[in-house]
Amino acid sequence: MPFLPIFVFLIGLALFITRNKYRLKRNPPPHPLLRAPTMNLAPNFPEDPAMQQLLQLLHEEIGLPKHKTLRLDTSINFDLGCDRAEATQFMEALEQDFAVDLGDYDAYRYFQPPVFDVFLKHRAKGRGAKVPLTIGMLYLAINTHRWDTQTLENLS
Numbered sequence: 028m029p030f031l032p033i034f035v036f037l038i039g040l041a042l043f044i045t046r047n048k049y050r051l052k053r054n055p056p057p058h059p060l061l062r063a064p065t066m067n068l069a070p071n072f073p074e075d076p077a078m079q080q081l082l083q084l085l086h087e088e089i090g091l092p093k094h095k096t097l098r099l100d101t102s103i104n105f106d107l108g109c110d111r112a113e114a115t116q117f118m119e120a121l122e123q124d125f126a127v128d129l130g131d132y133d134a135y136r137y138f139q140p141p142v143f144d145v146f147l148k149h150r151a152k153g154r155g156a157k158v159p160l161t162i163g164m165l166y167l168a169i170n171t172h173r174w175d176t177q178t179l180e181n182l183s
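When the letters of the sequence shown are read in order and numbered with the working numbering, they come out as residues 28 to 183.
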């Protein structure tokens, strides 16, 4: 029994020394995209919260390159190498996260069909050369909350 006060004292001392080790941090570290800038942004690139959220979504769904400079005219289908499957998930997330009405959005306009037709018998009308789908088009669609193909493609 005479060792009990010494034991309690040592436990109290250990708790006092490690008190900051388990304490919740008041200022959580910033998001990885903001903490260490891993991508190059053009000088006139918008830095508002909508664009930051769009870049985060692009990073999660498609992946952003570290070696290319991102501009508003950077296309996700040609420059970033986004395929149809990734674009489908991305556009669903865009519609959900930003409340964008994808009225006349047509994936065939920007991406190849999912199935390759070996005999090329059924080539759909107007499905020839693909149009670039740019970050600027996505940004404008987010700000207007609707997808208007004519307006967005005349932007570039």
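Just so you know, even glycine gets a beta-carbon here, dropped at the ideal spot from N, CA and C.
Practice problem: For residue 173, collect the residues of the same chain with a Cβ closer than 7 Å to its Cβ; drop the 5 residues on either side in sequence, then sort them by chain order. | Solution: On the sequence shown, residue 173 is found 146 positions in, with the first residue counted as 1. Contacts found: 127, 128, 130.
Self-check item: Exposure label - residue 168; buried when at least 16 CB within 10 Å
Solution: Taking the sequence shown and counting its residues from 1, one reaches residue 168 at position 141. Taking a 10 Å sphere around the C-beta of residue 168, we find 16 or more other C-beta atoms and assign the residue as buried.
Exercise. Would you check if the region 85-100 and the region 38-49 touch, i.e. whether three or more CB-CB distances between them fall below 8 Å?
Key: In short, these stretches do not touch, since the Cβ pair count stays below three.
Quiz prompt | Closest Cα partner of residue 119 within the set 107, 68, 84, 161 | solution = Taking the sequence shown and counting its residues from 1, one reaches residue 119 at position 92. Selected option, being the one with the closest Cα: 84.
Quiz item: Among residues of its own chain, excluding the 5 on either side of residue 161, which ones have a beta-carbon nearer than 7 Å to its beta-carbon?
Solution: Here the question's residue 161 lines up with position 134 in the sequence shown. Cβ within range, chain order: 99, 100, 101, 102, 183.
Exercise. Please state whether DSSP places residue 45 in a helix, a strand or coil.
Key: Within the sequence shown, the letter at position 18 stands for residue 45. Annotated three-state conformation of residue 45 is coil, per DSSP.
Quiz item: Going by the beta-carbon positions, is the gap between residue 97 and residue 77 smaller than 8 Å?
Solution: Residue 97 sits at position 70 when you count from the first residue of the sequence shown. Residue 77 sits at position 50 when you count from the first residue of the sequence shown. Pairing residue 97 with residue 77 gives a Cβ-Cβ distance that is not under 8 Å.
Quiz item: Which term fits residue 135, buried or exposed, when burial requires 16 or more other beta carbons within 10 angstroms of its beta carbon?
Solution: To locate residue 135, count along the sequence shown from 1; it is residue 108. So residue 135 counts as exposed.
Quiz prompt | Local conformation of residue 178 per DSSP, three classes | solution = Translated into the one-based positions of the sequence shown, residue 178 becomes position 151. Residue 178 sits in a helix when the DSSP states are folded into three classes.
Quiz item: If you follow the alpha helix (DSSP H) that residue 132 is part of, which residue opens it and which one closes it?
Solution: In the sequence shown, residue 132 corresponds to position 105, counting from 1. Looking at the DSSP string, residue 132 is not in any alpha helix (DSSP H), and its letter there is neither H nor E.
Quiz prompt | Bridge partner(s) assigned by DSSP for residue 161 | solution = Here the question's residue 161 lines up with position 134 in the sequence shown. Residue 161 pairs with 102.
Self-check item: Exposed unless 16 or more other CB atoms sit within 10 angstroms - verdict on residue 67
Solution: For this step, residue 67 is matched to residue 40 along the sequence shown. It is exposed - the Cβ of residue 67 has fewer than 16 other Cβ atoms within 10 Å.
Quiz item: To the nearest whole angstrom, what separates the beta carbons of residue 105 and residue 159, a pair I think is in contact under 8 Å?
Solution: On the sequence shown, residue 105 is found 78 positions in, with the first residue counted as 1. On the sequence shown, residue 159 is found 132 positions in, with the first residue counted as 1. A Cβ-Cβ separation of about 5 Å places residue 105 in contact with residue 159 under the 8 Å criterion.
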